[in-house]
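**Student:** Chains as they are written, first to last, in my numbering: chain A, 1 to 206; chain B, 207 to 412. Beta carbons are placed, not taken as given, at the ideal position from N, Cα and C, and that holds for glycine. This is the structure I have questions about; it appears just below.
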DNA sequence: AACAGCTTGTGAAAACATTCACAAAATAAA
DNA sequence: TTTATTTTGTGAATGTTTTCACAAGCTGTT
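Right, here's the structure in full:
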């Protein structure tokens with residue numbers, strides 16, 4: 001398969017969101033142009049993005065909302081549910097844990113770990129925060145697909161090394177640090193400081 | 207000035223981080239290659255990024271850590287402090303509020319707003335959560351530079367319209383929705399669902 | 001002073017991503 | 001059935017970003 005760029009994948013995610021809104025609104029057909037307007041891009045971009053995966057539209061008509069919805073879910077691997085573990089039961093971890101959108105889209109948090117003895121044992125929903133020492137074995141046993149890292153920067157690389165060794169191949173990192181992972185592991189960073197600094201740059205340059 | 211790409215700005219942010227680490231480690235000189243290794247990029251990329259803003263290095267030697275640190279801070283507008291308001295006092299808002307890195311880098315949260323009467327009036331550090339109705343006036347009065355949006359998706363566009371009308375020109379959005387803002391306003395999105403979906407895609411495509 | 005060893009700064013080349021532009025396919029109306 | 005209208009899918013053109021490659025400049029050594 002041809003190499004798909006990260007920006008294409010990001011946009012697919014957005015298209016999916018608009019399709020869900022359109023679907024909720026009872027719309028059953030949508031054009032590349034409508035999709036584009038909502039995502040701040042162009043209709044050509046939408047069509048090009050989709051064209052990497054097939055021809056989903058009807059000329060003269062546009063796309064069937066439910067069908068395109070299903071197709072993009074398939075493309076992104078969202079027709080199945082993923083087992084997620086959360087490492088770090090601090091403020092950010094806790095906010096992520098109760099973030100409804102995750103569950104809604106098939107990302108199920110199945111385990112939470114922390115090193116802090118005052119946190120271990122706490123009940124989070126129907127889970128119990130477990131000791132960090134149990135993590136490595138638990139990741140394998142539970143067949144965890146993805147790990148969300150929400151620990152302090154100093155601890156993050158150590159956690160990730162263990163997570164990778166335990167066979168996990170996708171990591172979402174919230175710690176403000178650039179992690180090293182083998183190229184076989186997918187890594188995304190949510191780096192709030194970088195975003196704020198980008199805004200700062202934008203403010204002084206116009 | 208020539209147009210600087212968003213990726214360049216992002217990388218400058220990362221370089222800044224490494225320089226701070228290097229500085230803490232007592233290093234006083236660093237090469238583009240060392241900077242590159244840590245950021246997962248190439249030395250040519252580092253030099254090109256910096257070259258948009260000037261010549262900060264010494265051939266044969268590299269860059270002076272404290273000087274490059276200062277220069278990048280200047281470029282990113284971090285030598286001053288920014289006044290930030292937080293809209294949304296839920297889980298995510300609360301996690302962001304106590305995120306030490308922000309204050310550390312000159313982003314000072316000066317006001318918190320929410321619509322929920324059970325939250326309004328609560329003491330957060332030395333601030334009090336204020337009613338959403340006070341926001342528009344307060345943003346102007348306090349001379350807020352940036353707003354962090356941490357409200358539910360349904361409420362986000364409404365908040366942003368008011369924030370823009372109040373003269374704020376930089377917005378960091380955590381709501382899972384594509385916001386519309388005038389082109390004069392800088393907007394960054396932190397979209398955790400998009401990131402997770404990107405990981406999902408990566409998992410099923412290798 | 002000349003040389004060896006590094007590392008920067010930068011045009012030019014290559015790779016990658018977006019936009020253009022239009023033939024092809026679908027529908028609806030006459 | 002023909003025509004008008006719409007919108008897709010896609011090569012080709014354009015624009016942007018990254019990488020290459022090397023002269024120029026700095027330091028330390030002989």
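1. For a test of the three-state rule: what should DSSP assign to residue 386 of chain B, helix, strand or coil?
2. Residue 19 of chain A and residue 76 of chain A - do their beta-carbons sit closer together than 7 Å?
3. Please give the ranges of any alpha helix (DSSP H) in the region 17-104 of chain A, keeping only runs that are unbroken, at least 4 residues long and fully inside the region.
4. Assign residue 123 of chain A to one of two classes, buried (16 or more other C-beta atoms within 10 Å of its C-beta) or exposed (fewer than that).
5. Residue 298 of chain B versus chain A: which residues are under 8 Å apart at the beta carbon?
6. Could you check how far apart the C-beta atoms of residue 9 of chain A and residue 407 of chain B are, in whole angstroms? I think they sit under 8 Å.
7. Using C-beta distances below 6 Å, list every residue in its chain close to residue 223 of chain B, excluding the 5 sequence neighbours before and after it, in chain order.
8. Using the C-alpha atoms, what's the distance from residue 257 of chain B back to residue 398 of chain B?
9. Are the CB atoms of residue 220 of chain B and residue 260 of chain B within a distance shorter than 7 Å?
10. Please name the residue, chosen from A:80, A:2 and A:56, that lies closest to residue 409 of chain B on a Cα-to-Cα basis.
11. Give a yes or no on whether 7 Å exceeds the smallest Cβ distance from residue 200 of chain A to chain B.
12. Pull out every residue of the region 328-353 of chain B whose Cβ sits closer than 8 Å to any Cβ of chain A, in chain order.
13. Using the C-alpha atoms, what's the distance from residue 161 of chain A back to residue 350 of chain B?
14. Note down, in chain order, every chain A residue with its Cβ under 8 Å from the Cβ of residue 378 of chain B.
15. Determine the DSSP secondary structure at residue 335 of chain B, reduced to helix, strand or coil.
16. Between the C-alpha atoms of residue 253 of chain B and residue 93 of chain A, what's the straight-line distance to the nearest angstrom?
17. Which residues of chain A have a Cβ atom closer than 7 Å to the Cβ of residue 283 of chain B, listed in chain order?
18. Tell me, please, which residues DSSP counts as bridged to residue 192 of chain A.
19. To the nearest angstrom, how far is it from the Cα of residue 83 of chain A to the Cα of residue 344 of chain B?
20. Measuring only between beta-carbons, confirm whether residue 323 of chain B sits less than 7 Å from chain A.
21. Can you tell me where the beta strand (DSSP E) with residue 367 of chain B in it begins and where it stops?
22. Just to confirm the assignment, what range does the alpha helix (DSSP H) spanning residue 342 of chain B have?
23. What does residue 69 of chain A reach in chain B if we use C-beta pairs closer than 8 Å?
24. Taking Cβ-Cβ distances shorter than 7 Å, what residues in chain B pair up with residue 89 of chain A?
25. If residue 171 of chain B sits next to residue 373 of chain B, beta carbons under 8 Å apart, how far is it from one beta carbon to the other, in whole angstroms?
26. May I ask which residues mark the beginning and end of the beta strand (DSSP E) holding residue 174 of chain A?
27. On the three-state DSSP scale, how would you describe residue 122 of chain A?
28. Report yes if the C-beta distance between residue 89 of chain A and residue 58 of chain A is below 7 Å; otherwise report no.
29. Do you know offhand how far residue 104 of chain A's Cα is from residue 78 of chain A's?
30. Quick test of your reading: residue 380 of chain B and residue 356 of chain B, contact by CB under 8 Å. State the CB separation rounded to the nearest angstrom.
31. Using the Cβ count rule (16 or more neighbours within 10 Å means buried), how would you classify residue 142 of chain A?
32. For residue 230 of chain B, count the other beta carbons within 10 Å of its own beta carbon; 16 or more makes it buried, fewer makes it exposed. Which is it?
33. Measure from the alpha carbon of residue 5 of chain A to the alpha carbon of each residue in A:45, A:182 and A:100, then state which is nearest.
**Tutor:** By the coordinates alone:
1. Stepping through the second chain from its first residue, residue 386 of chain B is reached at position 180. Three-state result, residue 386 of chain B: coil.
2. In the first chain, the residue the question calls residue 76 of chain A occupies position 76. In the first chain, the residue the question calls residue 19 of chain A occupies position 19. Not closer than 7 Å, so no.
3. 32-39, 43-51, 65-76, 91-97 and 100-104
4. To locate residue 123 of chain A, count along the first chain from 1; it is residue 123. It is exposed - the Cβ of residue 123 of chain A has fewer than 16 other Cβ atoms within 10 Å.
5. Taking the second chain and counting its residues from 1, the one referred to as residue 298 of chain B is at position 92. Result: 95 and 99.
6. If you number the first chain from 1, residue 9 of chain A lands on position 9. If you number the second chain from 1, residue 407 of chain B lands on position 201. About 5 Å separates the two Cβ atoms, so the contact holds.
7. As a position in the second chain, residue 223 of chain B is number 17, starting the count at 1. If we look at residue 223 of chain B and ignore the five residues flanking it on each side, it has no Cβ neighbours.
8. Looking up residue 398 of chain B in the second chain gives position 192. Looking up residue 257 of chain B in the second chain gives position 51. Going from the Cα of residue 398 of chain B to the Cα of residue 257 of chain B covers about 33 Å.
9. On the second chain, position 54 is the one that residue 260 of chain B refers to. On the second chain, position 14 is the one that residue 220 of chain B refers to. Not in contact: residue 260 of chain B and residue 220 of chain B (Cβ atoms no closer than 7 Å).
10. Here residue 409 of chain B corresponds to residue number 203 of the second chain, with the count starting at 1. Cα-wise, what sits closest to residue 409 of chain B is A:80.
11. If you number the first chain from 1, residue 200 of chain A lands on position 200. Chain B contact via Cβ: present.
12. 351 and 352
13. Here the question's residue 350 of chain B lines up with position 144 in the second chain. Here the question's residue 161 of chain A lines up with position 161 in the first chain. Distance between the alpha carbons of residue 350 of chain B and residue 161 of chain A is about 41 Å.
14. The count along the second chain starts at 1 and reaches residue 378 of chain B at position 172. The contacting residues are 192, 195, 196 and 199.
15. Here residue 335 of chain B is taken as the residue at index 129 of the second chain, counted from 1. Strand at residue 335 of chain B.
16. The residue you call residue 253 of chain B lines up with position 47 of the second chain. The residue you call residue 93 of chain A lines up with position 93 of the first chain. Those two C-alpha atoms are separated by around 37 Å.
17. One-based indexing of the second chain puts residue 283 of chain B at position 77. The answer, in chain order, is 200, 201, 203 and 204.
18. For the purposes of this step, residue 192 of chain A is taken as residue 192 along the first chain, with counting starting at 1. BP columns for residue 192 of chain A are empty, so no partner.
19. Reading the first chain from its first residue, position 83 is the one you call residue 83 of chain A. Reading the second chain from its first residue, position 138 is the one you call residue 344 of chain B. Distance between the alpha carbons of residue 83 of chain A and residue 344 of chain B: 43 Å.
20. Mapped onto the second chain, residue 323 of chain B falls at position 117. Judged by the 7 Å Cβ criterion, residue 323 of chain B is not in contact with chain A.
21. Here residue 367 of chain B refers to the residue found at position 161 of the second chain. Counting along the chain, residue 367 of chain B falls outside any beta strand (DSSP E), though it belongs to the alpha helix (DSSP H) covering 359-371.
22. Here the question's residue 342 of chain B lines up with position 136 in the second chain. Where residue 342 of chain B is concerned, the enclosing alpha helix (DSSP H) stretches over 341-348.
23. Taking the first chain and counting its residues from 1, one reaches residue 69 of chain A at position 69. The contacting residues do not exist; residue 69 of chain A stays about 14 Å from chain B at best.
24. Here residue 89 of chain A is taken as the residue at index 89 of the first chain, counted from 1. The premise fails here: residue 89 of chain A is roughly 12 Å from chain B at the closest Cβ pair, so nothing lies under 7 Å.
25. Beyond the ends of chain B as shown, which are 207 and 412, falls residue 171 of chain B; an answer cannot be given.
26. The residue given as residue 174 of chain A occupies position 174 in the first chain. Run containing residue 174 of chain A: none; DSSP gives neither H nor E here.
27. On the first chain, residue 122 of chain A is found 122 positions in, with the first residue counted as 1. In the structure shown, residue 122 of chain A sits in coil (DSSP, three-state: anything other than H, G, I, E or B).
28. As a working mapping, residue 89 of chain A is identified with position 89 in the first chain. As a working mapping, residue 58 of chain A is identified with position 58 in the first chain. Against a cut-off of 7 Å, the Cβ pair of residue 58 of chain A and residue 89 of chain A comes out as no contact.
29. Looking up residue 104 of chain A in the first chain gives position 104. Looking up residue 78 of chain A in the first chain gives position 78. Whole-angstrom Cα-Cα distance: 11 Å.
30. The residue labelled residue 380 of chain B in the question sits at position 174 within the second chain. The residue labelled residue 356 of chain B in the question sits at position 150 within the second chain. Right, their Cβ atoms sit about 5 Å apart.
31. In the first chain, residue 142 of chain A corresponds to position 142, counting from 1. Residue 142 of chain A should be labelled exposed.
32. Within the second chain, the letter at position 24 stands for residue 230 of chain B. Exposed, because fewer than 16 other Cβ atoms sit within 10 Å of the Cβ of residue 230 of chain B.
33. The residue you call residue 5 of chain A lines up with position 5 of the first chain. Of the candidates A:45, A:182 and A:100, the one whose C-alpha sits nearest the C-alpha of residue 5 of chain A is A:45.
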